[in-house]
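Protein chains in written order, with UniProt numbering: chain A, 1 to 647; chain B, 1 to 647; chain C, 1 to 647.
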Amino acid sequence: MLGVCYYPEHWPEAWWAEDARRMRALGISYVRIGEFAWSRLEPKRGAYDFAWLERAMDTLAGAGLKIVLGTPTATPPKWLMDEYPDIAPVDEQGRVRGFGSRRHYTFSSESWWRESRSIVEAIATHFGEHPGLVGWQTDNEYGCHDTVLSWGPEDLKAFRKWLRRHYQTTDQLNEAWGNVFWSMEVQSFDEVSLPILAVTETNPAARLDFWRFKSEEVNAYDRMQCDIIRRFSPGRWVTHNFMGFFNEFDHWQLGRHLDLASWDSYPIGFVERFPFSEQERGRWAETSHPDIAPFHHDLYRGVGQDRFWVMEQQPGPVNWASWNPVPKPGMVRLWTWEAFAHGAEVVSYFRWRQAPFGQEQNHAGLNLPGLHELSQGGREAEAVSTELQVVGPLGAASRAQVAIVYDYQASWVTRIQPQGRDFCYHELVFRWYEAARRLGLDIDFVAPGASLQGYGLVLVPSMPIVSDAATEAFAKASGILLFGPRTGSRTSSFAIPDNLPPGPLADLTGTRTIEASSLRPNVRHRVSGAVSGHAIRWRDHLEAKGEIIARFDDGLPALVSNGRSFLLACWPDGELTQSVLSAVATSAALDTCSLPDHVRLRRRDGLTFAFNYGGVEWICPDGVEILVGDRVLCSQQLAIWRSPAPH
Amino acid sequence: MLGVCYYPEHWPEAWWAEDARRMRALGISYVRIGEFAWSRLEPKRGAYDFAWLERAMDTLAGAGLKIVLGTPTATPPKWLMDEYPDIAPVDEQGRVRGFGSRRHYTFSSESWWRESRSIVEAIATHFGEHPGLVGWQTDNEYGCHDTVLSWGPEDLKAFRKWLRRHYQTTDQLNEAWGNVFWSMEVQSFDEVSLPILAVTETNPAARLDFWRFKSEEVNAYDRMQCDIIRRFSPGRWVTHNFMGFFNEFDHWQLGRHLDLASWDSYPIGFVERFPFSEQERGRWAETSHPDIAPFHHDLYRGVGQDRFWVMEQQPGPVNWASWNPVPKPGMVRLWTWEAFAHGAEVVSYFRWRQAPFGQEQNHAGLNLPGLHELSQGGREAEAVSTELQVVGPLGAASRAQVAIVYDYQASWVTRIQPQGRDFCYHELVFRWYEAARRLGLDIDFVAPGASLQGYGLVLVPSMPIVSDAATEAFAKASGILLFGPRTGSRTSSFAIPDNLPPGPLADLTGTRTIEASSLRPNVRHRVSGAVSGHAIRWRDHLEAKGEIIARFDDGLPALVSNGRSFLLACWPDGELTQSVLSAVATSAALDTCSLPDHVRLRRRDGLTFAFNYGGVEWICPDGVEILVGDRVLCSQQLAIWRSPAPH
Amino acid sequence: MLGVCYYPEHWPEAWWAEDARRMRALGISYVRIGEFAWSRLEPKRGAYDFAWLERAMDTLAGAGLKIVLGTPTATPPKWLMDEYPDIAPVDEQGRVRGFGSRRHYTFSSESWWRESRSIVEAIATHFGEHPGLVGWQTDNEYGCHDTVLSWGPEDLKAFRKWLRRHYQTTDQLNEAWGNVFWSMEVQSFDEVSLPILAVTETNPAARLDFWRFKSEEVNAYDRMQCDIIRRFSPGRWVTHNFMGFFNEFDHWQLGRHLDLASWDSYPIGFVERFPFSEQERGRWAETSHPDIAPFHHDLYRGVGQDRFWVMEQQPGPVNWASWNPVPKPGMVRLWTWEAFAHGAEVVSYFRWRQAPFGQEQNHAGLNLPGLHELSQGGREAEAVSTELQVVGPLGAASRAQVAIVYDYQASWVTRIQPQGRDFCYHELVFRWYEAARRLGLDIDFVAPGASLQGYGLVLVPSMPIVSDAATEAFAKASGILLFGPRTGSRTSSFAIPDNLPPGPLADLTGTRTIEASSLRPNVRHRVSGAVSGHAIRWRDHLEAKGEIIARFDDGLPALVSNGRSFLLACWPDGELTQSVLSAVATSAALDTCSLPDHVRLRRRDGLTFAFNYGGVEWICPDGVEILVGDRVLCSQQLAIWRSPAPH
Ligand SMILES: [Zn+2]
Ligand SMILES: [Zn+2]
Ligand SMILES: [Zn+2]
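Written as structure tokens, this is what we have:
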């Protein structure tokens with residue numbers, strides 16, 4: 001099903017009915033509204049004006065649209081910021097981050113919690129049982145623009161409280177953090193300072209705890225909004241719209257109390273954000289890289305416990321990347337279908353009509369700026385709508401044979417202490433994902449510690465802190481396990497394990513890491529044996545009890561197998577990644593193929609989807625019944641066929 | 001005529017007479033003094049000491065030199081800064097920019113206006129009718145070191161006042177800025193904050209207004225100084241010394257109340273500042289690029305309404321660029337002649353003698369540091385002086401056949417919202433200027449909205465906001481018009497026009513832009529047809545009613561002609577720029593030639609000047625009477641001949 | 001002799017005896033302790049707890065180890081920082097640099113001096129006569145993490161006091177600094193501000209004085225600690241552990257009141273810090289560049305007046321560089337021997353055991369993290385210990401034939417006013433050192449103004465300010481002198497000398513510099529004649545009375561000889577550096593050879609040491625008696641032989 005994001009407050013009331021009619025004509029079923037409208041809903045303290053929004057909802061619902069309502073907490077109005085200056089976040093340089101854009105609040109402000117409760121209650125009470133309303137979105141893109149962490153007095157106060165709760169005594173805190181190092185011991189929780197703006201790096205254990213504390217705050221804040229909504233708006237689901245390549249809080253945790261996950265898919269904008277090479281950025285500038293959107297579809301399908309939406313789908317050029325090209329013709333249609341292939345329930349475009357004013361006036365919509373006239377993206381959405389009727393309703397995505405364990409804490413640990421400047425957790429995960437999909441495999445993402453049963457192959461690109469639950473899940477897994485560098489290298493207190501890495505996985509993997517090497521960009525170490533390629537960026541120096549199936553030139557183990565477990569002792573370059581993934585897939589007896597860099601496959605509900613991101617054409621397999629597209633799959637085209645067997 | 005900048009306060013009084021004598025001996029007619037001497041003119045509050053400067057002026061005038069006196073407001077002394085801390089500007093990070101260098105004031109400080117009036121009045125009263133005094137310079141290089149914008153409490157106060165005057169009500173402000181976007185609406189002008197230090201980008205409309213407000217402040221401040229000077233110093237002209245590649249306030253506006261424009265020409269220093277490629281920077285490191293100084297001569301001739309000086313001419317290496325090479329022998333002479341070729345009345349070297357102390361001790365002068373001994377630059381100035389007598393007095397520069405419309409607001413708009421990281425307005429203008437000069441053309445710069453009549457060809461590299469006056473000027477122009485990318489893409493309130501870009505130029509150009517694409521450095525789109533090359537950086541996707549004379553590979557229009565108007569829908573690479581300029585010059589029936597990258601021509605008053613920036617020699621045309629130089633024009637040499645016909 | 005850094009406070013008391021026993025078993029004689037233990041020695045104001053440290057010292061001494069005790073002032077505890085917030089330093093952006101790491105104090109805080117005296121006295125009194133104690137280390141790595149300069153109110157107060165003492169009157173200050181330039185004159189010392197956070201660059205003379213003031217503060221602070229220690233701990237020596245590639249205070253000055261110098265040798269970490277090319281960084285990533293450690297051994301042997309230790313020797317990967325590779329096998333042994341070859345008395349590894357917690361948990365030790373088990377570095381230290389017995393006691397290093405004058409002030413002057421962005425003083429010195437060592441020469445470093453007698457060749461890579469003492473030392477030197485660019489270009493007040501550069505060396509060198517050129521990376525000027533290569537980065541344009549033995553292509557002098565003196569008028573590229581060094585060594589009649597880039601020689605006490613940093617093997621000379629190693633010197637290997645003659 002298709003949806004769209006709409007801002008009635010941006011347009012003359014006289015346009016609303018025509019907009020609604022044209023949405024339906026295009027084949028749109030859902031409309032998201034309201035998430036930035038606080039200054040119109042409460043222009044002054046307590047002076048609520050809900051009438052306009054109610055009229056808008058009546059109009060939309062009257063046209064047959066189902067409404068998703070956003071809470072407006074991403075944009076507290078100026079009168080509120082002036083009243084409670086302690087709401088504003090503080091950046092890493094100690095500067096207050098003021099009014100004038102959005103997300104100008106810290107999750108630690110008590111005033112903010114009180115004011116948030118108040119506006120969410122007011123809105124949930126008023127609109128909660130509106131007949132057109134089917135679901136809610138809390139706030140908007142938590143953490144966007146670096147807003148999870150904040151470094152002001154409110155944050156310090158809340159952090160001390162959190163530490164007091166977690167450690168009870170400063171002795172336990174000093175012990176856990178290793179504060180004896182450099183005389184960092186405190187005698188009272190009131191002596192604790194924020195782990196920032198020191199002369200040189202602060203204690204990594206303190207920084208990790210600060211991050212956990214902030215992640216828990218985000219979760220609690222969202223939970224607070226959900227609780228209010230559920231109290232006043234029975235029978236409606238609640239979601240939040242997550243972002244891409246974003247790790248600053250634990251999304252698994254939020255996912256547990258949401259009814260479904262959603263995310264904002266800007267495949268081209270992300271090409272500039274992810275650490276691709278310049279050459280790759282040029283290659284994929286106008287189509288996006290073929291794994292960017294799929295990676296997140298699969299991740300958020302996991303976070304949403306099998307239910308997810310694309311809440312915002314890029315419909316043309318955006319405004320916020322360093323460069324913002326117009327997508328090649330066909331890409332908006334392709335991205336939309338790709339979301340469905342990966343299990344999306346709804347793909348909702350951002351936005352109905354390009355705004356001719358404000359910060360995002362260069363962000364395309366389904367309609368041209370200020371006009372009742374479809375854009376190129378609008379016409380492609382229209383095409384999808386027609387094709388959706390051809391294909392018919394899609395069942396749920398079935399469990400994949402491959403699982404990747406995605407660990408937000410791993411991102412924090414490696415950012416806090418990279419040790420080599422280019423060790424980026426989500427880059428590593430993405431590269432393993434890419435290699436697995438080049439083998440034609442479907443992939444699920446799984447939370448650390450969650451059950452791994454039923455997966456033929458489990459990938460753990462890196463997991464510095466291995467919890468008891470994770471240890472147990474690995475032990476119980478029935479499939480092949482592949483662990484990557486730095487796994488098990490830290491305790492939950494950010495210390496090196498007593499038995500050295502991989503700590504609790506020593507027996508499972510049959511290894512012990514005695515030292516680690518970070519390699520600058522022009523240094524690489526050859527790996528040869530059952531797999532081949534080079535180590536770049538990172539190497540663990542291992543002692544192995546398991547079987548050494550590939551070695552470095554100096555004879556040390558590169559890939560060690562021990563029963564079901566494989567441990568790769570480095571960050572692999574492209575060649576080695578592909579070689580290792582191929583080897584473990586073979587060990588797991590998975591059925592693989594070899595796709596070119598611009599083609600990907602995905603199965604859902606008995607259908608196979610093929611996507612060509614462009615370059616040269618690709619030929620679909622013989623003997624399949626093609627529902628959409630042609631057997632000769634041209635650039636920027638897709639094909640859908642009924643799968644005879646698992647591909 | 002030649003001039004020089006002189007600092008009597010830097011040297012023993014006993015040297016003044018000898019310096020004056022040697023200036024005259026060198027052929028110098030004008031001497032600029034006084035612009036940094038506040039601490040000597042008023043060592044303590046109200047304790048003026050004008051006697052020394054009067055003796056210096058008497059000495060200089062006595063030797064036959066004409067004096068240009070600067071107001072000393074670029075360097076308020078420490079006692080004043082301590083008395084009124086609100087004078088100090090505040091940077092974009094919120095840090096006070098303190099005492100210790102120069103330009104440490106914000107144009108918004110009321111204390112500063114009062115103190116400025118007071119010192120300018122005192123000086124104008126005392127020296128205004130000095131017989132040696134012929135003209136004034138206000139302040140020094142407004143905006144140097146990023147001092148147009150300032151972000152402190154004084155600035156906010158003045159900005160709110162400005163907004164109140166412009167918008168009367170917050171409803172009108174909210175409407176004009178589109179504040180409904182992201183709940184940015186204010187209920188009172190006292191709720192307005194500076195458009196900075198927010199969580200992410202602030203409202204572009206607010207930023208544009210802030211920039212206009214600051215530009216108007218600079219203008220009003222200069223106007224205030226001029227008014228005082230004119231009251232107390234009758235019969236003397238007033239100028240200000242502008243800078244190179246500098247766009248932070250509207251120079252056209254200041255030009256209107258000045259008697260003549262002047263600028264500070266540092267051709268080599270600018271090689272490091274302009275966004276040249278590294279290869280170009282290497283190529284021109286020791287000579288400068290052959291269009292840098294000319295570009296500004298032509299621009300400031302326009303700003304000065306046909307009258308301009310070079311107030312500071314680089315006489316050797318400078319101190320302020322990332323690298324500061326010694327110019328190749330001959331370049332100081334060449335640059336001086338080039339200024340005259342472009343219409344300069346006076347070229348004044350900065351400075352008479354290299355200072356052995358202070359921040360600029362590595363900045364060359366006409367004399368060696370602290371010595372009465374000419375430097376290499378001094379000897380070249382001496383050579384020019386002799387040649388000037390050979391050539392005789394030069395008449396005014398005549399109107400060129402080509403006009404470039406230079407729009408300061410275009411620079412602000414594209415910096416506020418670049419959309420592609422490398423969209424730099426003055427870079428685009430410079431590249432068009434370069435291509436036109438490679439065709440041997442002379443060029444005038446014209447203000448947006450000024451009359452374009454009489455020009456065979458009018459170039460508008462980019463003009464996002466097209467005012468009513470500009471629309472009318474284009475309509476009345478008799479020549480060929482060439483518009484570049486983003487033209488007409490914004491209203492004066494920084495919104496997309498109702499009829500989409502190019503807004504008011506839709507009919508004239510026969511086009512409508514439905515979307516725009518910014519292209520990263522390794523992406524380019526081929527253009528072919530009547531012109532050829534590639535689009536880089538930026539592409540407008542057009543619908544065309546006019547004739548499409550070149551297309552992109554995807555079939556969309558690249559160059560559209562519609563009667564006298566041509567619209568180029570992209571940022572052209574070097575090849576395409578040259579191809580398009582050539583095509584429109586042909587349409588305009590201009591007489592062109594093809595110059596190598598290191599040679600340029602310029603005509604003035606029946607003379608043609610040729611300049612060889614070096615590489616290989618160039619042969620001057622046959623049958624001309626060469627006044628200066630040789631027919632075989634060697635590297636770093638120039639030639640002047642009487643033009644039989646327009647070249 | 002070998003030593004080790006040990007932190008008893010990091011380990012269970014039960015481990016101490018076993019650790020001590022294993023140290024002795026490894027062949028370790030010295031143990032450094034205590035320098036970060038303040039929070040354990042004084043957990044609350046005045047509540048000293050010395051008992052644990054005394055037990056630790058008893059245990060270590062009981063095992064036969066000699067103890068070096070550090071004062072703990074590098075890490076003031078939190079209770080003290082809360083009590084006296086004025087202790088915290090302030091960075092160049094005006095931000096307080098708070099608690100949470102180390103070195104969080106400014107040398108200007110009076111509170112800090114009082115508290116430092118108090119803790120040093122307490123410790124010196126208590127432990128000063130402990131029988132195991134042989135020496136002291138003051139504080140730790142003065143200046144690490146940019147902590148020499150600080151920019152807060154305490155610093156301003158102390159700077160004003162310093163200026164009052166040095167200049168007596170503001171007239172003299174204004175005159176010395178050239179404050180008339182840009183109206184910077186002050187009427188009272190209380191008007192002086194810190195030379196920072198101004199609109200553009202501040203007065204270089206003020207910045208140089210600020211740096212001198214800070215350097216003197218560091219020296220006085222260290223002197224204060226030494227005085228206290230000597231009063232209470234008779235018969236023990238005092239040292240400080242200096243750093244590598246670090247110039248922010250005058251080390252010669254501290255060296256004069258210390259009994260010996262020591263330094264912290266991290267050969268691989270420094271590869272990322274020194275401005276090597278990316279290619280060189282790749283080449284030496286896992287071995288270090290063969291001159292990094294030797295450069296500092298030679299420098300600190302000079303600073304220590306022929307006595308120096310390596311107080312911290314890298315024993316494996318470290319944690320603080322951008323990338324931290326594991327050293328190639330053999331390198332820890334090689335580095336240790338290299339220190340001895342250059343005259344080190346003791347090489348002390350940092351640290352005994354890798355800490356599994358805190359900021360440096362990725363920093364290797366001689367033992368694996370938290371374990372009683374040698375690391376790879378530990379095993380190599382063990383090997384050295386055995387070899388040391390084979391070689392027997394080593395006498396003092398004898399005077400070399402080549403001296404390099406190393407001038408800290410030169411570093412300050414060129415950083416304050418680089419004029420070309422890549423003019424880095426210590427880079428230039430290092431490159432000359434490298435070229436001299438490629439000729440097989442041994443080198444001493446000498447302070448500016450110290451006697452140069454007895455040296456066959458004296459190298460002065462750059463010395464902008466030439467003091468009277470230095471002038472005299474050059475005049476009395478008996479050997480060949482080679483001066484580099486910018487020498488003599490400034491007076492002690494940071495002004496250009498009256499007679500132009502090289503100022504006081506005009507007669508000695510037979511030159512006068514009339515201008516200087518800084519050259520961007522892709523510009524170079526050819527030099528030919530008796531030496532050949534290219535000038536890069538910097539060129540002085542000279543007039544020469546001496547003999548011009550090489551010229552630039554434009555005919556100006558590149559290398560001028562005048563009796564014993566040679567002056568090189570540029571920053572030489574690699575080829576020219578080698579060519580010039582070779583020429584002057586020949587003039588000095590030194591015996592040279594030509595070593596490949598990866599091999600170096602060094603003599604000490606009748607022995608010659610050869611080191612192969614890797615790549616291809618190298619053959620030791622015939623007919624020598626090899627004590628350690630083989631004649632065929634493989635990668636990462638060393639050889640020691642008895643020298644028949646001076647090599
Ligand atoms: Zn969004
Ligand atoms: Zn200037
Ligand atoms: Zn250290």
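Built from N, CA and C at the ideal position, the CB exists for glycine as well.
By the neighbour-count criterion, in which 16 or more other beta carbons inside 10 Å mark a residue as buried, H372(B) falls on the exposed side. When only Cα atoms are considered, D498(B) and P325(A) end up about 23 Å apart. Secondary structure remark: continuous beta strand (DSSP E) runs of at least 3 residues inside the region 52-86 of chain B, in chain order: 66-70.
A Cβ of chain A is located within less than 8 Å of the beta carbon of M184(B). Under the Cβ criterion (8 Å, minimum of three pairs), the region 377-388 of chain C does not count as touching the region 317-335 of chain B. It is roughly 10 Å from the alpha-carbon of P72(B) to the alpha-carbon of E42(B). Contact of A205(B) with chain A by beta-carbon distance below 9 Å involves F357 and G358. At a cut-off of 8 Å between beta carbons, K44(B) contacts chain C.
Our two residues, E185(A) and S108(A), have alpha carbons roughly 25 Å apart in a direct line.
Comparing alpha-carbon positions, the option among S643(A), E121(A) and V616(A) lying closest to V632(A) turns out to be V616(A). Inclusion of L452(A) and W432(A) in the CB contact set at 8 Å is not warranted, their separation being larger than that value. Residue environment for Y48(B): exposed (fewer than 16 other C-beta atoms within 10 angstroms of its C-beta). Residue pairing by DSSP places G3(A) opposite Y30(A) and S348(A) in a beta bridge. Non-local beta-carbon contacts of M224(C) in its own chain, meaning distances under 6 Å to residues more than five positions away in sequence, are absent. Using a 10 angstroms sphere on the CB of Q401(B), the tally of other CB atoms reaches 16 or more, which defines it as buried. Spatial neighbours of S587(B) in its own chain (CB-CB distance under 7 Å, excluding positions within 5 residues in sequence) are listed in chain order as I480.
In the structure shown, C620(B) adopts coil according to DSSP, grouped into three states.
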